[in-house]
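The structure under discussion appears below in the form of C-alpha cells.
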Amino acid sequence: MNGLEELLWQSTIELSLLLGVILFARYIIRKTTKNYNAYLLWLVIPLGLLIAKLVTQIDFSTPPSQTLNYLVGSYVVRPTQALSDWSNLLYLWLIVSELLLLRLIWQHIDLRRNLSLITAKKNVCVKSKYPVVAIDKKDFSPAVYGFIKPKIYFPIHLLEKLSQQQIELIIKHEEHHIKQKHLWLNLLWDILVCLMWFNPLVYISRQSFRHDQELFCDYLVLNKSSQREHQSYGHALLTTVSATHSVSLLCSWKMFNQLEERIMNIKKPTSAAGKLSLLLGGLAIISCTSLYAISWTQVAKKSASETLSFTQEDNGDSKIRWDVDNKTYVEENGKRYMLEGISTRQMTEQERREFEQAIENAEKRKFLSEKELRKAERQIERAQRDIELSQRDMERHQQEIERTRHKLERAYASGRLSEAELATMQESLSKAKESLQIDRETIRRDLEKARHDLERARLELDKSNSSVNAPYRALLHEVPAAPRAHSPTEPAKPVAPVIAEKLYKAKLVTEAVPTKTFPPKYPIEAVKNNTSGHVTFKFDVDEQGKPLNIKVIDSIPKDVFDSAALAVIKKWEFMTTEEGLKDMVYQLDFVLE
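Once you know that position 474 of the sequence shown is 462 in our numbering, the rest is easy, because the numbers rise by one and skip nothing.
Quick look at the structure:
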C-alpha cells in the first residue's frame, strides 16, 4: 500500500473505533438519563482525535540516512507492486467519493433554488434575532438554512394552527440550531459520509447525531421555561407532526419522527446515575482513543529504545551488547550473560533465543544495506562507462563544429556566403558549442555528487552497522544519466545556409528525468513465464512536462512489455524547460526478484 492507501485504512479503523465507542456509550446514557445528554458525547470526537494525533505525532525514531543518487534513467517495475489490487480499490474510492461530493453540491444548489420559489410575501409576526421567512408549502416543516446568513423558514399554514406562544417556542428551537452551528456540523457529517461511504457506522452515527441535536435544542428551549410552556411545546409537536415533512439538508423542526421520545423527554427527570453515566461515557471514549493511538506508537518506541553494538578489540577480543526494554544482553568472547547494573547473571533459555534472534536480524539488515551499496557502485561504474562514450561523442561533435566553421569561412572568403549569412550560421554554431559545454559540466557534476553520496553512505554504514535502529537501507533516487548525442551530417557544400541550421538543431538525445510517475502493470504472462526485460522510449516533452510523439526504440523481449509500458508512460510528467525538450530517451525496467 502507498501512503494515501495506508492513511485511508488507518483513518477508517480509528474513526470506526471512536464511533463504535460513542454509539455504545450513547445507548447506555439514553437508558439512564435524559436523552438530550447523549448529544454531549459527540463533542468528544474532536477531543479524542486531537489526543490520538498528539500521541501518534511524537517522534521516537531516529533521523533517516542520507540518500544515494542513481545515475540511471530508468524506472524499475516489480510484480509485487504492479499486481497489487490496492490501487484499484483506491481509484474506486476516489471515483465514488467525487460523485457523492458532486451530488451533495448539486443538492444544496437545488435546495436554494426551491426555497426561493416557495417564499411567500407574508410577515411572520414574531421576534427573532434572525430573519424569519414565510414559506407557502403545506407539507413543509419549520427549518433553518443558510451557512453565512442563516434564515428561519416558517410555513404559513402553521400560523393558523398554532398559538403565538407555540410559534415563539418553535422559533426559539430554530434559533438554537443557528447558535449551535448545526448547519455547519451537519455539512461536515455529509462530507464525511461522502468520503467514508463504505463505512456503515458513519451513516448510523450521522443519523444519531442529528436526532440528538433535535433533543438538545428541545432542552435548550425548555430549560428555563414554565410547566405551561412545556405543555404548549408538546402540543406544538403533536400539531405539526402529521402536517409536515422535513428536508435532509435543513436543520428542521421535524427532522426525525421520534415524537413519543421528544414528548417523554420533556418530562423525564435527570438522575444522579445518568450524570455519572454521561461522565463515564465521555472518559471511556477518550481513553479508548488514546489507547489506540498509543498502540500505534509502541513499535516506534521499542525501535527507539533498542540498540545492538558490536565491538572488536585489537587483541582479538569481541563483544556484542543488546540493550532493549531496560534489559542488557551481552556476549563477550563467546560467553553470554545478562548485565544488571554492576552485577551479571546467566541467560535463561528464553533470553538466549531472543538474543540470537536479535543478532540474526541485525546481520540480515546489514547484508541488505551492503547489497544496496554494491548495487549503487555497479550502477555508477556503468554510468562512468556510458559517460566516457558520451564524452567521445561530444569531442566528435566539437570537431564537427570546428570543421563546419572553417568551411563557412572559406565559403565567405570565396563570395558564396554573405556577411549576414555567415554571422547567422556562426551564431548557431556558437550556441551548439555552448550547449555541449553545459551538458559536459552537468554530467561531471552529477557523477561527482553520486560518488560523494555513495562514499558518505558507506562511511555511515561502517560507523553504525552495529546499531539496530540505525538506517541500514540506503534510499535510491534517480538523476539524469549521460546524454547521448547524434552526430550531425557533414554538409557536401558549405554554400547552403542549412548547414549550420541542421547542426544546431541536432539536439543531444538526453535521458528524461521524471517528476511524476505511476507504476505500470506487470504482464501476467510475463510473471507466469518468469520473464524480465525493459522498454526504451524516445519522445518529446512539452512545456508542461507531458511526453509527446512517443516511440518505442528498443524492447527486450520484443512486444512483451510494450503495451503496459506505453500505457503508463503517457500519464507521466518529466522535467522540462519553457520551450520544452526534444528527443528525450527513457527506459522502464521490468524485473522479477
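Note that CB positions come from ideal geometry on N, CA and C, so glycine has one too.
So who's on the other strand from residue i, going by DSSP bridges?
i: I140; result: V120, V132
i: K504; result: E561
i: V181; result: Beta-bridge pairing links V181 to no other residue.
i: I544; result: H522
i: I539; result: First, the amino acid is wrong: residue 539 is Lys here, not Ile. Its beta-bridge partners are K526.
i: Y582; result: Since the first residue shown for the chain is -11 and the last is 581, residue 582 is missing from the structure and cannot be characterised.
i: T332; result: L327
i: T412; result: None, per the DSSP bridge assignment.
i: T107; result: I123
For residue i, which residues from the same chain have a beta carbon less than 6 Å from its beta carbon, with the 5 sequence-adjacent residues on both sides left out?
i: K126; result: H145
i: M326; result: R333, M335
i: I155; result: V114
i: M184; result: V190
i: S213; result: none
i: L78; result: E(-7)
i: Y141; result: V121, I123, A131
i: K421; result: I389
i: P51; result: Confidence at P51 is low in this model, with a pLDDT of 44, below 50, so the placement of that residue should be treated as unreliable; the coordinate-derived value is given next. So no residue of the chain qualifies.
Measuring straight from C-alpha to C-alpha, what distance separates residue i and residue j?
i: S75; j: V556; result: 14 Å
i: L11; j: G329; result: 50 Å
i: M612; j: R366; result: Since the first residue of the chain shown is -11 and the last is 581, residue 612 is not available in this structure.
i: L87; j: Q152; result: 45 Å
i: W177; j: R198; result: 9 Å
i: R391; j: Q425; result: 18 Å
i: T430; j: T564; result: 15 Å
i: E337; j: L(-5); result: 41 Å
i: I159; j: L175; result: 22 Å
i: T316; j: W(-3); result: 37 Å
i: L405; j: K509; result: 57 Å
i: S259; j: D311; result: Because S259 sits at a pLDDT of 48, beneath the cut-off of 50, its placement in the model cannot be relied upon, and the point is left open.
i: R370; j: N321; result: 43 Å
i: R31; j: E202; result: It is worth fixing the name first, because residue 31 is Leu in this sequence and not Arg. Going by the C-alpha atoms only, they are around 15 Å apart.
i: E566; j: L6; result: 50 Å
i: E339; j: D305; result: 23 Å
i: L173; j: L80; result: 27 Å
i: H161; j: Q168; result: 11 Å
i: Q345; j: L29; result: 47 Å
i: E407; j: S416; result: 14 Å
i: K109; j: P143; result: 12 Å
i: V579; j: G568; result: 31 Å
i: T232; j: P34; result: Because the pLDDT at T232 is just 46, under 50, the model does not fix this residue reliably, and the point stays unresolved.
i: F135; j: F128; result: 20 Å
i: I106; j: S220; result: 28 Å
i: E443; j: L435; result: 12 Å
i: L554; j: P507; result: 12 Å
i: T505; j: Y400; result: 51 Å
i: L82; j: L180; result: 13 Å
i: E409; j: S423; result: 21 Å
i: K437; j: P511; result: 36 Å
i: G403; j: R393; result: 15 Å
i: S418; j: I544; result: 39 Å
i: P485; j: A411; result: With a pLDDT of 38 at P485, under the threshold of 50, the modelled position of that residue is not reliable, and the figure given next carries that caveat. The straight-line gap from Cα to Cα measures roughly 11 Å.
Assuming the contact rule is C-beta atoms closer than 8 Å, residue i and residue j should be a hit. Round their C-beta distance to whole Å, please.
i: V209; j: H170; result: The Cβ separation is near 14 Å, so there is no contact.
i: M382; j: R428; result: 6 Å
i: L536; j: D542; result: Contact flag wrong, Cβ pair sits at about 19 Å.
i: A26; j: D200; result: 5 Å
i: K559; j: D528; result: Going by Cβ atoms, the distance from K559 to D528 rounds to 16 Å, so no, they are not a contact pair.
i: Y574; j: A514; result: Their Cβ separation, rounded to whole angstroms, is 20 Å, which puts Y574 and A514 out of contact at 8 Å.
Excluding sequence positions up to five away, which residues of its chain have a Cβ less than 8 Å from the Cβ of residue i?
i: P138; result: Y118, V132, I166, L171
i: N187; result: T0, L3, S4
i: T503; result: G533, E561, F562, M563
i: F343; result: W310, Y317, E319, R324, M335
Can you list, in chain order, the residues of its chain with a C-beta nearer than 7 Å to that of residue i? Leave out the 5 residues immediately preceding and following it.
i: C182; result: S85, L88, L89, L92
i: L157; result: V209, E217, S220, Y221, A224
i: S196; result: L11, R14
For the ligand SAM, any of its heavy atoms closer than 7 Å to the Cβ of residue i?
i: K323; result: As far as ligands go, the structure on display features none, and thus does not contain the ligand SAM.
Review point. Quick one: any contact between the region 183 to 197 and the region 135 to 152, if contact means 3 or more CB pairs under 8 Å?
Key: Segments in contact, no.
Review point. Does the region 88 to 98 come close enough to the region 108 to 128 that 3 or more CB-CB pairs lie under 8 Å?
Key: Three or more Cβ pairs closer than 8 Å define a contact, and the region 108 to 128 falls short of that threshold against the region 88 to 98.
Check your understanding: Any contact of the region -4 to 3 with the region 13 to 20, i.e. 3+ C-beta pairs under 8 Å?
Key -> Contact fails: fewer than three Cβ-Cβ distances are below 8 Å.
Practice item. Count the CB pairs spanning the region 544 to 551 and the region 517 to 524 that are closer than 8 Å, and state whether there are at least three. Key: Yes: at least three Cβ pairs fall under 8 Å.
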